[in-house]
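So the structure is just underneath, and the comments pick up after that.
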Amino acid sequence: MEISIITPDFGIIFWQTITFLTVLLVLSTFAWKPIISVLKEREYTIANAINQIAEAQALMEQATGDRAKLLGEAHTERDRIIGAALEAQRAIITRARHEALAVKENLLTQARMEMAKEEERAIETLKSSLGLLAIQAAEKVLMKELSGDQSQLEFIERLTTRCNHSV
Numbered sequence: 000m001e002i003s004i005i006t007p008d009f010g011i012i013f014w015q016t017i018t019f020l021t022v023l024l025v026l027s028t029f030a031w032k033p034i035i036s037v038l039k040e041r042e043y044t045i046a047n048a049i050n051q052i053a054e055a056q057a058l059m060e061q062a063t064g065d066r067a068k069l070l071g072e073a074h075t076e077r078d079r080i081i082g083a084a085l086e087a088q089r090a091i092i093t094r095a096r097h098e099a100l101a102v103k104e105n106l107l108t109q110a111r112m113e114m115a116k117e118e119e120r121a122i123e124t125l126k127s128s129l130g131l132l133a134i135q136a137a138e139k140v141l142m143k144e145l146s147g148d149q150s151q152l153e154f155i156e157r158l159t160t161r162c163n164h165s166v
């Protein structure tokens with residue numbers, strides 16, 4: 000079986016899909032809905048302001064007196080409201096982008112930490128399995144070596160000699 004660097008493994012695709020869906024769920028729950036509701040509310044406010052300006056302009060056209068003065072004031076007010084609305088929109092979008100980036104970074108950090116924990120768990124499991132295999136192999140070798148009575152006696156004598164020398 001040849002492993003290709005270009006072809007992704009099923010596990011990588013699986014975890015990337017899980018991570019993407021988690022990020023998508025979190026963003027749709029905590030970021031997109033509030034942003035959209037704030038933008039719709041602001042759009043409603045702007046539409047109301049524009050409607051009020053249109054009504055004011057209709058009243059000014061009907062008025063016979065100081066038409067130019069009232070029309071100039073209405074344009075100034077409209078420009079101020081639109082400028083404030085655009086500034087607020089920019090601020091909301093900028094804040095939403097920063098919040099989304101912070102959420103993304105947080106999720107990526109959590110995912111990296113979880114992957115590191117999983118890797119450590121896998122390494123520990125592998126180490127314990129490898130240690131068990133080494134013990135079983137040593138047991139089989141000792142059983143094979145000590146299969147005869149003479150070899151058992153020689154092994155016991157060597158152990159007692161070592162114990163006597165170390166005491």
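In numbering that gives the first Met the number 0, the protein residues as written are 0 to 166. Where is the CB? At the ideal position from N, CA and C, for every residue including glycine.
C-alpha distance - residue i paired with residue j, whole-angstrom precision
i: Ile45; j: Ala84; result: 7 Å
i: Leu70; j: Pro33; result: 38 Å
i: Gln167; j: Ala55; result: Residue 167 falls outside the range modelled here, since the chain spans only 0 to 166, and no answer is possible.
i: Tyr43; j: Gly82; result: 16 Å
i: Glu98; j: Leu129; result: 46 Å
i: Ala137; j: Gly10; result: 35 Å
i: Leu125; j: Ile5; result: 27 Å
i: Leu100; j: Met59; result: 48 Å
i: Arg120; j: Lys143; result: 35 Å
i: Glu113; j: Leu131; result: 27 Å
i: Ile92; j: Glu86; result: 10 Å
i: Leu23; j: Ile12; result: 16 Å
i: Ala57; j: Asn47; result: 15 Å
i: Lys139; j: Ala133; result: 10 Å
i: Thr160; j: Ser150; result: 15 Å
i: Thr75; j: Asp65; result: 16 Å
i: Ile122; j: Thr108; result: 21 Å
i: Glu213; j: Gln61; result: Since the first and last residues shown for the chain are 0 and 166, residue 213 lies out of range.
i: Asn163; j: Arg157; result: 10 Å
i: Pro7; j: Val102; result: 27 Å
i: Leu141; j: Ser127; result: 21 Å
i: Asp148; j: Glu117; result: 49 Å
i: Gln135; j: Ile155; result: 21 Å
i: Arg170; j: Glu104; result: Since the displayed the chain opens at 0 and closes at 166, residue 170 lies outside it and no answer follows.
Cβ-Cβ distance between residue i and residue j below 9 Å
i: Ile80; j: Ile35; result: no
i: Leu38; j: Gln88; result: yes
i: Leu106; j: Thr21; result: yes
i: Ala110; j: Thr18; result: yes
Integer-rounded CB distance, given that residue j should sit under 8 Å from residue i
i: Ala67; j: Ile52; result: Actually they are not in contact, since the Cβ atoms of Ala67 and Ile52 sit about 17 Å apart, beyond 8 Å.
i: Ala95; j: Ala30; result: 7 Å
Minimum Cβ-Cβ distance from residue i to chain C less than 9 Å
i: Gln149; result: The structure shown contains no chain C; it holds only a single protein chain.
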